[in-house]
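Residue numbers for the sequence shown follow our numbering, so the first one is 204 and each next one is one higher.
Read the structure below first, then the notes.
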Amino acid sequence: MQPFQFSRTGDLQSAYSAHGAAEATDTAHSRSQYLAGGTTLLDLMKLGVMRPDRVVDINELERTNAGRIEFGGNRLRLGALTRMSTVADHPDVRRDFPVIAQSLQLAASAQIRNMASLGGNVLQRTRCTYFRDTSYSNCNKRNPGSGCAALDGINRPHAVLGTSERCIATYPGDFAQALIALDAHVEVAGRNGAREFPFAKLHRQPGQTPHLETTLAPGELITVFRIARAPFTRRSLFLKVRDRQSYEFALASAAVALDLDGDTVKQVRIALGGVATVPWRAHETEASLINQRLDETATRRAADLAFADARPREHNAFKVELGKRTLMRALRQAGVMEI
Ligand SMILES: Cc1cc2nc3c(=O)[nH]c(=O)nc-3n(C[C@H](O)[C@H](O)[C@H](O)COP(=O)(O)OP(=O)(O)OC[C@H]3O[C@@H](n4cnc5c(N)ncnc54)[C@H](O)[C@@H]3O)c2cc1C
Ligand code: SF4
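Shown next, in the form of structure tokens:
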């Protein structure tokens with residue numbers, strides 16, 4: 204691990220100054236990194252995948268708004284320094300926004316959830332083996348322009364949606380699917396002030412530039428996630444399929460939220476995880492379900508539509524059917540939820 208400068212701060216202004224990463228082209232490749240729970244960053248530094256010169260510990264921001272959970276008016280506000288376990292266990296979040304609580308509860312292990320923050324969670328990096336193993340030089344995400352070892356390699360965990368010929372890495376997180384399904388907004392702050400935008404605009408598909416993962420400016424900090432209460436937020440759930448139940452990343456997941464009139468769909472929100480390069484909102488699939496009875500025919504048609512553009516590789520074709528079944532099961536379960 205290369206030497207780095209370490210500092211710790213409890214206010215936003217000194218965080219940006221300590222970060223001071225004007226030279227970087229994006230957050231992931233910045234020479235400076237913020238440190239929250241450290242459960243992603245420290246791993247990647249030890250592996251030599253991330254090699255920052257400066258590490259700025261922002262955990263003291265937990266004592267500010269960035270560490271709070273608040274219900275105000277019709278909105279849930281989650282500070283970015285809040286720990287995953289705190290939100291997953293919060294009784295009001297579990298009752299009113301079950302998909303949020305479940306996406307966090309089903310992620311990682313209890314120890315990791317106690318350390319890891321919400322901000323760090325949405326910015327975690329892909330688990331692609333070739334990205335994490337620096338003995339492979341051909342990884343466009345780590346070494347732009349070097350190629351992609353996964354295209355013809357072991358690509359079982361890789362994405363089938365949103366891929367490009369430059370990168371097929373899966374976005375690994377769970378919480379982001381819940382956020383994107385519920386039309387969440389994210390607040391960020393940096394040297395040029397604060398701004399708020401739809402969470403759906405945070406992550407970038409790989410396209411020709413897989414090394415650019417988010418739309419954050421260098422040094423920008425995520426401070427808050429905002430989720431509005433809506434007729435579908437209570438009837439929401441997160442379903443995750445993985446290789447082992449104890450703790451594992453998703454092979455396929457679905458975050459769904461429903462507003463029903465009897466068994467007819469008034470509104471629906473669907474996001475897919477484990478199968479795409481970014482948190483994946485299935486807008487057309489949602490549209491196909493409006494005013495339909497939530498029966499086998501409608502859910503199968505919706506699932507087929509969700510994966511119509513899938514581009515499987517040699518080892519991950521199974522994800523297409525698995526993803527469809529996961530979505531169908533999630534819709535069925537949400538349809539019969541007691542709320
Ligand atoms: C064994 C294992 C299993 C796991 N399984 C799952 C799983 O099933 N599902 C899942 O979703 N996750 C899983 N994870 C990932 C885990 O949830 C993340 O590592 C964690 O959420 C990251 O949060 P952190 O606070 O530790 O981030 P850190 O490691 O501190 O930071 C991660 C990145 O985000 C940046 N950052 C952190 N906070 C901010 C902020 N507020 N603003 C701007 N930048 C910031 C850092 O600079 C760094 O680049 C697993 C991790 C491990 C090690
Ligand atoms: S899939 Fe992406 S992260 Fe993995 S080796 Fe290819 S370029 Fe790198």
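Cβ atoms here follow ideal geometry from the backbone N, Cα and C, with glycine treated the same way.
Shown here, Ser-456 sits in a strand according to DSSP, grouped into three states. Contact check for Thr-426 against Ala-392 passes: the beta carbons are separated by less than 7 Å. Residues lining ligand 2 by the Cβ criterion, that is a Cβ closer than 5 Å to any of its heavy atoms, are Cys-331, Tyr-333, Phe-334, Cys-342, Asn-343, Lys-344, Cys-351, Ala-352, Ala-353, Cys-370, Ile-371, Ala-372 in chain order.
According to the DSSP secondary-structure assignment, Thr-417 is paired through a beta bridge with His-406.
Across the structure, Leu-530 and Ser-306 are spaced so that their CA atoms are roughly 15 Å apart. The beta-carbon separation of Gly-376 and Asn-324, rounded to 6 Å, stays under the 8 Å limit for a contact.
In the structure shown, Pro-294 falls within a helical segment according to DSSP collapsed to helix, strand and coil.
With a cut-off of 8 Å on Cβ pairs, the stretch 460 to 476 is in contact with the stretch 493 to 501, counting three or more such pairs.
Assignment of Ile-430 by DSSP, reduced to helix, strand and coil, places it in the strand class. When secondary structure is reduced to three states using DSSP, Pro-401 falls in the strand class. Contact between Arg-438 and Leu-461 holds: CB atoms are separated by about 5 Å, below the 8 Å threshold. For Tyr-237, the enclosing beta strand (DSSP E) starts and ends at 235 to 238.
Put simply, the stretch 362 to 374 does not touch the stretch 297 to 315. Fewer than three CB pairs are less than 8 Å apart.
As a beta-bridge residue in DSSP terms, Val-259 pairs with Ser-210, Tyr-237.
When C-alpha distances from Gly-240 are compared across Arg-484, Pro-255, Gly-322, Arg-330, the shortest belongs to Gly-322. Cβ-Cβ distances below 6 Å link Ile-371 to Ala-353, His-361, Ala-362 in the same chain, with the five nearest sequence neighbours on each side left out; the list follows chain order. Residue environment analysis places Lys-404 among the exposed positions, since fewer than 16 neighbouring C-beta atoms fall within 10 angstroms of its C-beta.
Selection His-414, Gly-422, Ala-420 evaluated against Cys-342 yields His-414 as nearest (Cα-Cα).
Under the three-state reduction of DSSP, Val-523 is assigned to helix.
Counting every other CB atom within 10 Å of its CB across the protein chains shown gives Ile-542 a total below 16, marking it as exposed.
Beta-carbon to beta-carbon, Phe-428 and Ala-387 are separated by about 5 Å, close enough to satisfy the 8 Å threshold.
If you look at Ala-474, you'll find it in the beta strand (DSSP E) that goes 467 to 476.
Relative to the Cα of Pro-482, the nearest Cα in the group Leu-326, Leu-463, Ala-511 belongs to Leu-326.
Here the alpha carbon of Ala-304 sits roughly 13 Å from the alpha carbon of Lys-443. Across the set Gln-408, Glu-399, Tyr-450, Ala-384, the C-alpha of Glu-399 shows the shortest separation from the C-alpha of Glu-390.
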